[in-house]
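Here the structure is laid out as structure tokens; the discussion comes afterwards.
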Amino acid sequence: MADLTQFEITPYSENAILVKWPSVISAVLHQRLIAISSQVAELKPWFIEQVCSYHSLLIYYRFEAISAAEFSAKVANIIEHHSNQEFSADLTGKTITIDVLYNHQSGWDNALLCQEKNCTLEDIIKWHTGRSYRAYALGFTPGFCYLASVDEKLSIPRKTVPRKRVPAGAVAIAHKQTAIYPDSSPGGWHIIGQTAQPMYQMTNNEFTPLINVGDIVTFKAVSQEDFIAQGGKLIKEY
-4 MADLTQFEIT PYSENAILVK WPSVISAVLH QRLIAISSQV AELKPWFIEQ
46 VCSYHSLLIY YRFEAISAAE FSAKVANIIE HHSNQEFSAD LTGKTITIDV
96 LYNHQSGWDN ALLCQEKNCT LEDIIKWHTG RSYRAYALGF TPGFCYLASV
146 DEKLSIPRKT VPRKRVPAGA VAIAHKQTAI YPDSSPGGWH IIGQTAQPMY
196 QMTNNEFTPL INVGDIVTFK AVSQEDFIAQ GGKLIKEY
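Numbering of the sequence shown is given in our numbering, commencing with residue -4 and proceeding in unit increments.
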């Protein structure tokens, strides 16, 4: 069971506090943070919004209506209540399958990975598609979701020199994480494929990400023909 008692609360800004637990990647801990966050959101009228990550909660509140100490105490009470409760984690959130074109044109770093790992492209595909990933956090750019954990055989540090531009739909890895770049942007992760699936929708100026924190993501290898049929445009390295 995840140990919720090992947490600390510190001021983050004049209207936010940061709650942190030990730096581990744990699906059980993360699911408990989601449960805690749902109860924190009921701290009306003081609560504004919050961001849940791997092992932290960033919580914004109405500082003009309650002091940091008082609000922190209310959050601590919620955490301590959850710490004393039996908890059966439901780790099967909404499941999303991402179709990916894996080859040496779409995967700009596959040749490097094959050399570094002494493996084949087929190995990279097998390792990346062979498991499910939990969505732990949203950040970096809108719609960018941090997924973990990749197979140890595929784990590799970030690039020492980030690219100035990677394409929207680039599927990438860094350390134990994998992600999809929602838009063209700078990026320091290793690109192993590309997907035609958009990572968000804009409807009436409302932003809706495809993947939300707590979702389960799987990757499926598709042919270049299917990738193009889905609306994909193969973008070779700039």
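Backbone N, C-alpha and C define an ideal beta-carbon position, used for all residues, glycine too.
Endpoints, the beta strand (DSSP E) within which isoleucine 175 is located: Per DSSP, isoleucine 175 belongs to the beta strand (DSSP E) from 172 to 175.
CB-CB length for methionine 194 against proline 177, believed under 8 Å: Beta-carbon to beta-carbon, methionine 194 and proline 177 are separated by about 4 Å, close enough to satisfy the 8 Å threshold.
Buried/exposed call for aspartate 104, threshold 16 Cβ in 10 Å: Buried, since its Cβ has 16 or more Cβ neighbours within 10 Å.
Where the beta strand (DSSP E) containing aspartate 94 begins and where it ends: 90 to 95 is the extent of the beta strand (DSSP E) around aspartate 94.
Assigned secondary structure, glutamate 3 (DSSP; H/G/I helix, E/B strand, else coil): In the three-state reduction of the DSSP assignment, glutamate 3 falls in the strand class.
Per DSSP, cross-strand counterpart(s) of lysine 15: DSSP, once it has assigned bridges, lists Glu3 and Ser51 as partnering lysine 15.
Under 8 Å between C-beta atoms of alanine 143 and glutamine 172: Taking 8 Å as the Cβ cut-off, alanine 143 and glutamine 172 qualify as a contacting pair.
Serine 48 to isoleucine 187 span [Cα, whole Å]: So the alpha carbons of these two residues sit roughly 24 Å apart.
In DSSP terms, what arginine 158 is bridged to: Paired residues: Gly182.
Segment contact flag, the region 40 to 58 with the region 5 to 18, C-beta cutoff 8 Å, min 3 pairs: Here the region 40 to 58 makes contact with the region 5 to 18; the two share three or more CB pairs at distances below 8 Å.
One or two residues paired with phenylalanine 250 in a DSSP bridge: With the chain covering -4 to 233 only, the question about residue 250 has no answer from this structure.
Continuous alpha helix (DSSP H) stretch holding threonine 198: start and end: In the DSSP annotation of this structure, threonine 198 is not part of any alpha helix (DSSP H); the continuous beta strand (DSSP E) holding it starts and ends at 195 to 198.
Assigned exposure category for glutamine 1 - 16 Cβ within 10 Å defines buried: That one is exposed.
Same chain, Cβ closer than 7 Å to alanine 30, neighbours up to 5 away in sequence not counted: Correct list, in chain order: His77.
Beta-bridge partners of alanine 169, as assigned by DSSP: Per DSSP, the beta-bridge partners of alanine 169 are Gln172.
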